[in-house]
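Reminder that position 141 of the sequence shown reads as 141 in the UniProt record's numbering, one-by-one numbering, no gaps.
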Amino acid sequence: MRRLPSLNGLRAFEAAGRHGSFTAAARELNVTQTAVSRLVRLLEDRLGFALFRRHASALELTAQGQALLLGLTDAFNSIGRLTESVAAMRAGPVLTVGVGPTLAVAWLIPRLANFYRSHPDIEVRVATGGATRAVRDDWTCTIRRDTNALPGHTAEHLFSSAVVPVCTPELASTLRSPDDLRNATLIVASNMPNEWPHWFAEAHLFSPLHPAGEVSFESNAMAMQAALDGVGVAIAQFPYVALAKRADIDGSPAS
C-alpha cells in the first residue's frame, strides 16, 4: 500500500510556500498560524529534510521545498479540475469554451440564449483567455483566430474576419478619407500590435512612423471601450464591429 505524507501537512506546506507566510496560509486554510507551522514541521520530520529557511520576517524555500511546491501546486490544481469534472457528470453535460474576452462578449454570448433554447440540458462555461493561453484539459473546445487545427484537435470554420478602423460618429465626421487616419489618435491593443501596420499596408497607405497620438491598452476589450469613449480610432474585427454598433461606435472610417 502506498504510504504518503499527511495530506493536511502537504496542504499547509503548499499554502505557506505559495504565500511565503504561515500567517497567510492560516487565513486561507481557516486554522491558526501555530497549526500551520506545526503541520509543516511534522511534514519536514516525515520527509527528513527542511522545506523552509525560517527568517524573522519571511520564509525562504529550500531547493527541496521549491521542487515540492511546484509539484504540489500542479497536483492540487489537477485535483480541483477533476472534482469539478466529476461533479459536472452528475449534474449533466458541460460545454467549456476557451475564448478571448472581447470575442466572448461580441460574438459568443449573444448566441447563448438560442443555444440554451435548443439544448436546455447542457451547461455552458466560458473560460476567457482562449485566444492566447494553452488549451486546458477541462476545456471542451476553444475559439481562436487561426486557420490551422491545434495538434490533437480538429478545427471548424466559424466565420471569416476582416479588420476595420472604428470610432465614435463624432470623430468619424472629422475623417473624410482613410488617409486622414494619419492625423488621428490611434488606439492599439498590445496583444495584437501589428493590426494597424497590417491595415495601413492593405489599404496601400504608409503607416505613420509618428502618429498624431497613440494610446495602448492590454486587450481588445479595453481598446474598444476607449473607442466608445471617444479616445481615438481603434482597429477591430468584423465580429467586434457588431458589438461596436450596439454601443454606437461608427465603422465609417473603413468605408
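Beta carbons: idealized from backbone N, C-alpha and C, even for Gly.
Subject >> Three-way DSSP call (helix, strand, coil) for I235 in this model >> reply: The DSSP-derived three-state label of I235 is strand.
Original post:
What distance in whole Å lies between the Cβ atoms of V31 and F22, which are believed to be in contact at a cut-off of 8 Å?
Top reply: Their Cβ separation, rounded to whole angstroms, is 10 Å, which puts F22 and V31 out of contact at 8 Å.
**OP:** Determine the closest residue to S173 out of A63, V233 and L70, with distance taken between C-alpha atoms.
**Re:** For S173, the closest alpha carbon among the candidates A63, V233 and L70 is that of V233.
**OP:** Kindly indicate which three-state DSSP category I143 falls into: helix, strand or coil?
**Re:** Look at I143 here: in three-state DSSP terms it is coil, with no helix or strand label.
Original post:
Cα-Cα, which of R145, E214, N194 and E156 is closest to N183?
Top reply: Taking only the C-alpha atoms, the option nearest N183 is E214.
Original post:
The beta strand (DSSP E) spanning F52 covers which residue range?
Top reply: According to the DSSP assignment, F52 belongs to the beta strand (DSSP E) that extends over F52 to R54.
Subject >> Euclidean distance between Cα positions of L228 and S216 >> reply: Rounded to the nearest angstrom, the two C-alpha atoms are 15 Å apart.
Original post:
How would you write the range of the alpha helix (DSSP H) that V124 sits in, first residue to last?
Top reply: Segment E123 to T128 is the beta strand (DSSP E) holding V124; no alpha helix (DSSP H) there.
**OP:** Give me the Cβ distance between T62 and R53, rounded to the nearest whole Å; I'm assuming they're in contact under 8 Å.
**Re:** Cβ atoms of T62 and R53 come within 8 Å of each other, at about 6 Å.
**OP:** Identify which residue in R125, I79 and V105 has its Cα closest to the Cα of G92.
**Re:** Cα-wise, what sits closest to G92 is R125.
Subject >> Exposed unless 16 or more other CB atoms sit within 10 angstroms - verdict on N114 >> reply: So N114 ends up on the exposed side.
Subject >> Stretch-stretch touch, CB-based, cutoff 8 Å, three pairs: the segment 136-144 with the segment 98-105 >> reply: Yes, the segment 136-144 is in contact with the segment 98-105.
Subject >> Candidates D121, A223, G17 and V231: closest to T73 by CA position >> reply: Here the closest residue by C-alpha is G17.
Subject >> Within 8 Å, strictly: CB atoms of L51 and G65 >> reply: In this structure, G65 lies closer than 8 Å to L51 by Cβ.
Original post:
Looking only at its own chain, which residues have a Cβ that is under 8 Å from the Cβ of L108, when we skip the five neighbours before and after it?
Top reply: Taking L108 as the centre and dropping the five residues before and after it, the same chain places the C-beta of V97, V99, V126 and I143 closer than 8 Å to its C-beta, in chain order.
**OP:** List the endpoints of the continuous beta strand (DSSP E) containing V36.
**Re:** In the DSSP assignment, V36 falls outside any beta strand (DSSP E) and within the unbroken alpha helix (DSSP H) covering Q33 to L47.
Original post:
Is it right to say G152 is buried, meaning 16 or more other beta carbons lie within 10 angstroms of its own, or is it exposed?
Top reply: Looking at its Cβ environment, which holds fewer than 16 other Cβ atoms inside 10 Å, G152 is exposed.
Subject >> Per-residue DSSP class, three states only, for E218 >> reply: DSSP, read as helix, strand or coil, puts E218 in coil.
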